[in-house]
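Chemist:
2 protein chains.
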Amino acid sequence: MSTSTLLADLLAFFSSDRVSTATAILEQNAQDESSFPARPPDVVVWPTSTTEVSQVLAYAHQHQVPVTARGAGTSLEGQPIPLQGGIVLNFQQMNQIVAIYAEDFQARVQPGIFYKDMNRTLAGHGLFFAPDPGANASIGGMLANNAAGIRTVKYGATRDNVLALEVVLASGEIIHTGSRAVKQSSGYDLTHLFVGSEGTLGLITEATLKLAPLPEQFSAATAAFPSVAAAAQTVFDIMGSGLGPAALELLDELAVTVLNTDEGIHLSVAPHLFMEFTGPSESALQQTLATVQEICRENGGNDFRSGTGRDQRNTLWDARHRLFEIHKRYFPGQKYLIADVAVPISHFPAVVSRASQLIAELQLAASIISHAGDGNVHLTIFYPPADSQAQARAQQLNEAIVNYALELDGTSTGEHGVGIGKQKFMLPEHGPGAVALMRQLKALLDPQGILNPGKVLPLT
Amino acid sequence: MSTSTLLADLLAFFSSDRVSTATAILEQNAQDESSFPARPPDVVVWPTSTTEVSQVLAYAHQHQVPVTARGAGTSLEGQPIPLQGGIVLNFQQMNQIVAIYAEDFQARVQPGIFYKDMNRTLAGHGLFFAPDPGANASIGGMLANNAAGIRTVKYGATRDNVLALEVVLASGEIIHTGSRAVKQSSGYDLTHLFVGSEGTLGLITEATLKLAPLPEQFSAATAAFPSVAAAAQTVFDIMGSGLGPAALELLDELAVTVLNTDEGIHLSVAPHLFMEFTGPSESALQQTLATVQEICRENGGNDFRSGTGRDQRNTLWDARHRLFEIHKRYFPGQKYLIADVAVPISHFPAVVSRASQLIAELQLAASIISHAGDGNVHLTIFYPPADSQAQARAQQLNEAIVNYALELDGTSTGEHGVGIGKQKFMLPEHGPGAVALMRQLKALLDPQGILNPGKVLPLT
Chain A
2 MSTSTLLADL LAFFSSDRVS TATAILEQNA QDESSFPARP PDVVVWPTST
52 TEVSQVLAYA HQHQVPVTAR GAGTSLEGQP IPLQGGIVLN FQQMNQIVAI
102 YAEDFQARVQ PGIFYKDMNR TLAGHGLFFA PDPGANASIG GMLANNAAGI
152 RTVKYGATRD NVLALEVVLA SGEIIHTGSR AVKQSSGYDL THLFVGSEGT
202 LGLITEATLK LAPLPEQFSA ATAAFPSVAA AAQTVFDIMG SGLGPAALEL
252 LDELAVTVLN TDEGIHLSVA PHLFMEFTGP SESALQQTLA TVQEICRENG
302 GNDFRSGTGR DQRNTLWDAR HRLFEIHKRY FPGQKYLIAD VAVPISHFPA
352 VVSRASQLIA ELQLAASIIS HAGDGNVHLT IFYPPADSQA QARAQQLNEA
402 IVNYALELDG TSTGEHGVGI GKQKFMLPEH GPGAVALMRQ LKALLDPQGI
452 LNPGKVLPLT
Chain B
2 MSTSTLLADL LAFFSSDRVS TATAILEQNA QDESSFPARP PDVVVWPTST
52 TEVSQVLAYA HQHQVPVTAR GAGTSLEGQP IPLQGGIVLN FQQMNQIVAI
102 YAEDFQARVQ PGIFYKDMNR TLAGHGLFFA PDPGANASIG GMLANNAAGI
152 RTVKYGATRD NVLALEVVLA SGEIIHTGSR AVKQSSGYDL THLFVGSEGT
202 LGLITEATLK LAPLPEQFSA ATAAFPSVAA AAQTVFDIMG SGLGPAALEL
252 LDELAVTVLN TDEGIHLSVA PHLFMEFTGP SESALQQTLA TVQEICRENG
302 GNDFRSGTGR DQRNTLWDAR HRLFEIHKRY FPGQKYLIAD VAVPISHFPA
352 VVSRASQLIA ELQLAASIIS HAGDGNVHLT IFYPPADSQA QARAQQLNEA
402 IVNYALELDG TSTGEHGVGI GKQKFMLPEH GPGAVALMRQ LKALLDPQGI
452 LNPGKVLPLT
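From first to last, the protein sequence lines are chains A and B.
Numbers 2 to 461, taken from the working numbering, label the letters of the first sequence in order.
Numbers 2 to 461, taken from the working numbering, label the letters of the second sequence in order.
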């Protein structure tokens with residue numbers, strides 16, 4: 002279909018200020034935070050209601066026009082890149098909190114809201130949505146990719162914090178899944194079929210989220226270690242202790258070096274653990290921290306700092322949240338690839354050690370940044386855009402660490418999703434039977450293949 | 002197909018001691034703990050391996066023979082009743098713990114193992130599987146029905162505690178879902194599609210479960226209240242306080258009267274809350290209990306007992322676990338129906354009050370037993386088998402409380418599943434679009450309709 006026909010047809014549903022084919026707009030909707038090539042859509046529309054999303058999908062279904070949903074564009078595996086052009090449905094105008102059920106620790110929201118903005122409002126009710134991917138992702142994007150982050154070790158991933166959805170199917174039909182009851186055993190779990198499906202099975206137009214009370218007592222701690230192996234062993238020991246950290250992050254020496262370039266951060270240049278604990282009382286927290294310090298010491302940890310005030314803690318965690326941005330500033334103009342494997346915690350020290358060894362062998366500028374308590378390891382690999390050999394080595398590192406994680410009963414992606422980057426690992430990870438079933442689900446839910454085509458399922 | 006042909010065909014896969022058409026055996030496999038009519042299968046087989054399950058399903062798929070999986074038979078909505086006869090696949094011989102990954106807080110098990118037996122073994126590692134439906138259910142049954150129980154308020158339901166599955170599809174094909182990583186964002190969530198599908202989409206032959214460390218410090222408390230409304234309001238206040246109970250159960254006056262007939266239980270005859278808290282230290286627990294006592298007192302609670310020793314606590318919670326059995330002994334020879342609604346916690350007091358009022362109006366022998374912290378309300382309704390009017394009133398009570406729960410954004414079943422008993426509520430709860438999608442999923446995964454036919458989806 003020609004762009005002019007498409008545009009004319011969409012103007013039947015949308016006022017002209019909410020449809021665009023302007024080059025600058027198409028380019029803004031052509032890419033995410035990954036290094037995959039940009040691909041502009043033919044047209045961008047900004048729906049303001051579920052009805053409009055339904056109208057667009059019914060139209061696209063009938064005319065076989067690709068539709069790619071877009072939130073904040075902060076994904077890292079190319080999820081919102083409209084590989085086959087067509088329509089980008091940009092959810093930025095569907096960004097309302099529809100209802101706050103403070104007494105139930107729940108909120109019903111539209112997908113375009115950014116989670117940090119949402120949490121600022123929820124803080125007024127003493128509540129927050131716990132999954133925190135760092136970048137200011139949209140809730141729709143977090144649901145689509147089952148995003149997680151620093152606090153998942155305590156609060157779970159996005160998947161674990163959603164109760165009900167409104168979904169528009171490829172045909173334009175609107176369905177509702179789940180309920181606001183925290184326990185549900187009624188029929189097939191459609192909610193979790195759509196969460197993590199990256200906009201390929203249906204588009205989420207509303208979600209009822211579980212919230213958590215803002216913890217009153219918390220304490221942050223950091224410790225330095227002589228090696229990443231020692232830090233990783235400490236992670237394993239802390240997780241085995243049952244202390245239940247609210248955050249447990251591992252940063253290697255390069256990550257700490259990069260972090261130190263940020264305002265107000267002065268860590269010793271060595272692998273570090275960043276930890277946070279919450280508790281019912283100051284005395285309980287003190288007891289926890291004493292145990293943690295002892296575990297760190299046993300593994301050669303030093304420079305243990307805890308009990309820091311809220312300001313200093315906020316500076317540190319704020320910088321940790323922006324660590325990817327700080328890396329981009331540290332390696333200006335470079336391309337990057339971010340590994341995202343996760344393994345059972347008993348294999349975490351092995352994966353970290355292997356990663357460290359591979360980075361050295363392959364002579365790459367790559368830091369290890371890990372949501373360690375979850376066994377989730379990121380390698381943030383930078384390389385010059387023109388250096389095809391370095392790019393090849395970066396890919397080699399990513400593949401080697403994924404294959405090692407799969408050997409250890411882990412996954413190719415703990416929280417970034419499949420998108421384009423992990424398609425090639427779907428078969429090795431899940432096997433032909435499970436992948437065939439995923440293909441059948443895709444064919445059932447999107448028979449015309451209009452929803453975010455070319456993603457998630459491996460290319461045949 | 003004639004039973005003799007079926008038997009002869011199955012003897013090709015199974016030694017004769019693992020296939021039976023004996024009347025007594027068929028009757029033992031004809032019913033669960035519900036009051037739905039028994040229906041014997043044509044044949045019972047006891048597989049010992051995934052391969053055998055696969056062989057049976059491939060055969061049944063080809064010859065369109067119904068197959069109903071059976072675990073402990075403790076379900077309450079008729080799930081394992083083989084409504085169309087055929088084969089019952091009795092999993093009792095597939096009851097092994099395949100692997101314990103103590104350091105990862107995980108175990109890989111076969112579906113026929115009973116969770117209490119499994120937990121006895123896991124206790125040797127300081128671990129347990131937290132969902133506890135009370136009756137000694139099999140893990141396969143718990144997965145099939147997304148069972149929950151007393152500790153779900155802290156640890157989640159079965160759905161929240163499973164990482165990976167081996168599943169035999171209707172065709173006999175064996176697939177694997179998930180991984181042992183606690184964070185996974187790789188492709189469609191097949192694991193949660195099978196959990197809660199009640200043996201209608203595929204049969205689980207192995208599961209990797211999340212375990213929890215046995216808590217070291219815990220404290221139980223009970224309190225009596227002047228009315229169920231006051232007790233229900235207290236539940237809401239405790240959940241809002243963020244104290245995070247490990248169990249929070251409400252029993253009405255009749256439930257307490259019934260419980261008192263058990264050995265060693267001497268509660269005042271009044272609505273009660275049973276509570277349990279875990280904590281990092283004795284002093285933290287004392288602080289928690291003081292707050293809880295204050296909340297109870299503000300709502301008119303009295304007879305607050307806490308800090309009881311492990312023995313007394315075990316007596317109380319053991320009796321609570323057996324409360325359904327004690328009810329059956331208290332109402333000998335009577336039939337029963339158990340309501341299982343769940344609502345957002347803010348609506349919990351309203352549902353309990355309405356239930357109390359309806360029980361009085363309908364003049365039924367029904368107790369309110371509630372996993373209150375989850376907003377999950379059971380009404381255990383007994384009636385004489387010959388009293389068709391009482392049976393009709395029991396059904397009227399169940400329907401009224403389900404409809405009220407649905408009005409309040411709740412669900413018709415918090416933990417017992419749909420089976421036969423809740424089919425009629427599927428459309429009102431989920432709407433035509435979601436139910437149509439569930440039907441499509443069923444048709445995709447089980448095109449011959451051999452898997453537990455006549456369950457979950459509403460009859461047309």
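Cβ coordinates follow ideal geometry from the N, Cα and C atoms, glycine included.
This structure is a prediction, so every number in the text was calculated from the model and none was measured.
In terms of alpha-carbon separation, which member of 216/B, 334/B and 28/B lies closest to residue 387/B?
Modeler: The candidate whose alpha carbon is nearest that of residue 387/B is 334/B.
Chemist: Can you find a C-beta in chain A that's less than 8 Å from the C-beta of residue 177/B?
Modeler: So, interface residue.
Chemist: Can you say whether residue 1/B is buried or exposed, counting buried as having 16 or more other CB atoms within 10 angstroms of its CB?
Modeler: Chain B is shown only over 2 to 461; residue 1/B falls outside these bounds and no answer can be derived.
Chemist: For residue 254/B, which residues of its own chain have a beta-carbon under 7 Å away from its beta-carbon, when the five flanking residues on both sides are left out?
Modeler: Cβ within range, chain order: 270, 271 and 272.
Chemist: Using 10 angstroms around the beta-carbon of residue 62/A, count the other beta-carbons present and answer buried if the total reaches 16, otherwise exposed.
Modeler: Buried, because 16 or more other Cβ atoms sit within 10 Å of the Cβ of residue 62/A.
Chemist: Of the residues 421/A, 297/A and 262/A, which one's Cα is nearest the Cα of residue 276/A?
Modeler: Here the closest residue by C-alpha is 297/A.
Chemist: Taking C-beta to C-beta, are residue 181/B and residue 164/B nearer than 8 Å?
Modeler: Contact: yes.
Chemist: Under 8 Å, Cβ to Cβ, is there at least one residue of chain B near residue 375/A?
Modeler: Yes, its Cβ sits closer than 8 Å to a Cβ of chain B.
Chemist: Is the distance from the Cβ of residue 187/B to the Cβ of residue 412/A below 8 Å?
Modeler: Closer than 8 Å, so yes.
Chemist: Label residue 262/A either buried or exposed according to how many other C-beta atoms from any shown protein chain fall within 10 Å of its C-beta, with 16 as the threshold for buried.
Modeler: By the 10 Å Cβ count, residue 262/A comes out exposed.
Chemist: Quick check: is the beta carbon of residue 116/B nearer than 8 Å to any beta carbon in chain A?
Modeler: No, residue 116/B lies away from the interface with chain A (no Cβ there is under 8 Å from its Cβ).
Chemist: Which runs of the beta strand (DSSP E) fall wholly inside the region 231–282 of chain A and span at least 3 residues, in chain order?
Modeler: 248–252 and 273–280, all fully within the region 231–282 of chain A.
Chemist: According to the neighbour-count rule (16 or more other Cβ atoms, all chains shown, within 10 Å of its Cβ), is residue 71/B buried or exposed?
Modeler: The residue is buried, with at least 16 neighbouring Cβ atoms inside 10 Å.
Chemist: Return the bridge partner residues of residue 107/A from the DSSP annotation.
Modeler: Paired residue(s): 102/A and 211/A.
Chemist: Is it the case that the CB of residue 425/A approaches a heavy atom of the ligand FMN more closely than 7 Å?
Modeler: With respect to small molecules bound, the structure shown includes none, and the ligand FMN cannot be examined in it.
Chemist: Take residue 368/B and list the residues in its own chain whose beta-carbon comes closer than 6 Å to its own, dropping the five residues that flank it on each side.
Modeler: Same-chain partners within the cutoff: 253, 255, 256 and 381.
Chemist: Would you mind stating whether residue 90/A and residue 46/A have Cβ atoms separated by less than 8 Å?
Modeler: Taking 8 Å as the Cβ cut-off, residue 90/A and residue 46/A qualify as a contacting pair.
Chemist: Using the rule of at least 16 other Cβ atoms within 10 Å of the residue's Cβ for burial, across every protein chain shown, is residue 365/A buried or exposed?
Modeler: Its Cβ being crowded by 16 or more others within 10 Å, residue 365/A is buried.
Chemist: In angstroms, rounded to a whole number, what distance separates the CA positions of residue 31/A and residue 40/A?
Modeler: Each residue's alpha carbon lies about 5 Å from the other.
Chemist: So what does DSSP say about residue 31/B, is it helix, strand or coil?
Modeler: DSSP places residue 31/B in coil when its eight states are reduced to three.
Chemist: Comparing alpha-carbon positions, which option in 115/A, 222/A, 260/A and 307/A lies nearest residue 330/A?
Modeler: Ranking the options by Cα distance to residue 330/A, first place goes to 260/A.
Chemist: Taking a contact to mean a Cβ-Cβ separation below 8 Å, would you say residue 158/A touches residue 155/B in this structure?
Modeler: No, they are not a contact pair.
Chemist: Of the residues 148/A, 170/A and 332/A, which one's Cα is nearest the Cα of residue 161/A?
Modeler: With distances taken between Cα atoms, residue 161/A lies closest to 148/A.
Chemist: Using 8 Å for Cβ pairs, my map puts residue 172/B next to residue 59/B. What's the rounded Cβ distance?
Modeler: The pair is a contact, with the Cβ atoms about 7 Å apart (cut-off 8 Å).
Chemist: Does DSSP put residue 341/A in a helix, in a strand, or in coil?
Modeler: Strand.
Chemist: Can you check DSSP and say which residues form a bridge with residue 1/B?
Modeler: Residue 1/B lies beyond the range of chain B shown here (2 to 461); nothing can be said about it.
Chemist: Residue range of the alpha helix (DSSP H) that residue 116/A falls in?
Modeler: From DSSP, the alpha helix (DSSP H) with residue 116/A extends over 116–124.
Chemist: Do the CB positions of residue 120/B and residue 106/B come within less than 8 Å of each other?
Modeler: Cβ atoms of residue 120/B and residue 106/B: not closer than 8 Å.
Chemist: Given a cut-off of 8 Å on the beta-carbon distance, is the pair residue 452/B and residue 200/B in contact?
Modeler: The answer is yes: Cβ separation under 8 Å.
Chemist: Return no unless some Cβ of chain A is closer than 8 Å to the Cβ of residue 344/B.
Modeler: By this cut-off, residue 344/B is an interface position.
Chemist: Roughly how far, in whole angstroms, is the beta-carbon of residue 293/A from the beta-carbon of residue 346/A, given that I think they are within contact range, below 8 Å?
Modeler: Their Cβ separation, rounded to whole angstroms, is 16 Å, which puts residue 293/A and residue 346/A out of contact at 8 Å.
Chemist: Apply the 10 Å Cβ neighbour rule to residue 424/B and answer buried if 16 or more other Cβ atoms are within range, or exposed otherwise.
Modeler: Per the 10 Å Cβ criterion, buried.
Chemist: Pull up the CB-CB distance for residue 33/A and residue 75/A, whole angstroms please, since I reckon it's below 8 Å.
Modeler: Yes, they are in contact, since the Cβ atoms of residue 33/A and residue 75/A sit about 7 Å apart, within 8 Å.
Chemist: Could you have a look at residue 396/B and say whether DSSP puts it in helix, strand or coil?
Modeler: The answer is helix: DSSP assigns residue 396/B an H, G or I state.
Chemist: What does residue 411/A reach in chain B if we use C-beta pairs closer than 8 Å?
Modeler: Near residue 411/A (Cβ distances below 8 Å), the residues of chain B are 180, 181 and 182.
Chemist: Would you list the residues sitting across from residue 462/B in a DSSP beta bridge?
Modeler: Residue 462/B lies beyond the range of chain B shown here (2 to 461); nothing can be said about it.
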